[in-house]
Every structure is written in structure tokens, then in C-alpha cells.
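Each residue of the sequence shown is one higher than the one before, counting from 1 in UniProt numbering.
What follows is a short report on a single structure.
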Amino acid sequence: MSTDRTDYEQGLSTRRAILGDAWVDKSLANKTAFTEDFQEMITRHAWNDIWNRPGLAHKTRRIMVISVMMSLGHWEEFEMHVRAALQAEDDTRLTQEELKEVLLQNAIYAGVPAANTAFRLAQRILHAL
1 MSTDRTDYEQ GLSTRRAILG DAWVDKSLAN KTAFTEDFQE MITRHAWNDI WNRPGLAHKT
61 RRIMVISVMM SLGHWEEFEM HVRAALQAED DTRLTQEELK EVLLQNAIYA GVPAANTAFR
121 LAQRILHAL
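Here is the structure:
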């Protein structure tokens, strides 16, 4: 049976694999006494309990997160996940073509205004890489 600490460590490993060490190190360095419990919770539950479930590949989960962030207009998280997906060095990496298809597909279901913003932000990220 797994412990909270094991769940945290497994979640932290997944979080680092998906977002990259630099981003995770920055997030953890910025935690405070007020945000520490939140960081622990998302690492255990989002990054371990959900991301490490066997039902979907991490690449599929990346696509889903990008789509949901676009749909809800959570642009900071959208940019973070797009950047991480384009820079991944494993089989979870999204190509520029795959990202474009994700945004086009989501434009139909989330709306053109969301797609306008998503394409603008993604283009800025692509130019910066």
C-alpha cells in the first residue's frame, strides 16, 4: 500500500517529466507556508493519482489538459503545458502539427475566440523556442 510520501514522490517524478525540472523547481522554490499544502495536494493527487492512472497515455493527458485550459481560458496554464509539450524529450512530445490539430479541433468545441487566443499564444511560444 502506498503512503502519502510515496504518492508525493511518484507525483513529483511525473510532474518533473511532464513540465520539466526548471518549472517544477521554480514552483517549489516559490511555495510559502500558505501554499505548501496546495503544492503537496496537487503533486499527490493531480500528478500521481490522476496522471499515473493506467487508462490513458501521458501524451493523451497532455492533449486533454491543453484542450481544457484553452476551453476554460486558463491561459497561464495553457502556455505552461504547450511549452512543456513542445519541449518534451520523450514520446509525450507534441509536434507543431499535432499542436495545431489540437487547437483546430478545440476551436469547434470551445469557440473561435478561445482559438484566436490559443493560436496567438502558441505562435509566440513556437517563436521563442
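Quick reminder that beta carbons are idealized off the backbone N, C-alpha and C, glycines included.
- For residue 98, the uninterrupted alpha helix (DSSP H) run begins and ends at 96-110, by DSSP.
- Contact fails between the stretch 60-75 and the stretch 30-49, because fewer than three Cβ pairs, one in each stretch, are under 8 Å apart.
- A straight line joining the alpha-carbon of residue 89 with that of residue 9 spans about 21 Å.
- When DSSP states are grouped into helix, strand and coil, residue 113 belongs to the helix group.
- Setting aside the 5 residues that flank it on each side, residue 119 is surrounded in the same chain by 103, each with a C-beta closer than 7 Å to its C-beta; the list follows chain order.
- When the five nearest sequence neighbours on each side are left out, no beta carbon in the same chain lies closer than 6 Å to the beta carbon of residue 97.
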